[in-house]
Structures are given as C-alpha cells and as structure tokens.
Amino acid sequence: MNEEVNDKIRELKAEVYKKRLLDELKLAAERFERLGYTVSISITPVDTETEDKK
C-alpha cells in the first residue's frame with residue numbers, strides 16, 4: 001500500500017510540474033507575441049512503448 005501511495009504522490013507532483021511548465025511557456029509566448037513574433041508551440045507525449053523497444 002505504501003508503494004501505491006508513493007506512486008500516486010509522484011504522479012500528482014508530475015502533473016503539477018507539467019502545469020507549471022505549460023504556464024511558463026504560455027507567459028513566454030505572450031511576451032514574444034507582444035514583441036511582434038509569431039509563436040507556435042507543439043507538445044506531444046512520447047509513446048513510451050515504442051521508445052522502450054528501441
């Protein structure tokens with residue numbers, strides 16, 4: 001059970017970290033747009049099953 005709790009905590013921390021990173025990217029994109037740049041950001045998850053086979 002303790003391992004399950006630790007796994008859930010790690011998962012939640014990862015989600016919080018991911019949200020913070022996305023917020024920072026959005027802020028940076030807004031700053032660049034105010035400077036006259038066009039910003040395009042694409043984030044796609046890695047297929048871990050495919051990566052593990054390589």
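Just so you know, my numbering puts 4 at position 4 of the sequence shown, and the rest follows in order with no gaps. Even glycine gets a Cβ: it sits at the ideal position worked out from N, Cα and C.
Reference residue i; option with closest CA among the options
i	options	result
V39	I9, A29, P45	A29
T44	R31, R34, K18	K18
Same chain only: Cβ atoms within 8 Å of residue i, ignoring 5 sequence neighbours per side
i	result
G36	none
Sub-8 Å separation of residue i and residue j beta-carbons
i	j	result
L21	I41	no
Close Cβ partners of residue i (< 7 Å) along its chain, the five nearest in sequence each way excluded
i	result
E33	V39
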